[in-house]
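What follows is a short report on a single structure.
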Amino acid sequence: MVPLLLVLLLVLILAGAGFALKILWWIAIILLVVWLLGFLVRPTSSGGKRGRWYRW
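With the working numbering applied, the sequence shown corresponds to residues 2 to 57, in that order.
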């Protein structure tokens, strides 16, 4: 009985980790797209040069 419960617990942990990793991959892809779009829509400064779109 205990080995069966341990196997089921392991399956639940791995399934939860797989779901969390899938969500993290989607978040990483979205952030990458936003980061790349930031380079395309940078504001121009007073000298005509393109400035930085981020604050740091």
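Note that the Cβ used here is the ideal one computed from N, Cα and C, for glycine as well.
None of these values were measured; they are calculated from a predicted model.
Boundaries (first-last residue) of the alpha helix (DSSP H) holding residue i
{"i": "V42", "result": "Taken as a continuous stretch (DSSP letters only), V42 belongs to no alpha helix (DSSP H), as it is neither H nor E."}
Cα-Cα separation between residue i and residue j, rounded to whole angstroms
{"i": "I31", "j": "V3", "result": "42 Å"}
{"i": "L37", "j": "G17", "result": "30 Å"}
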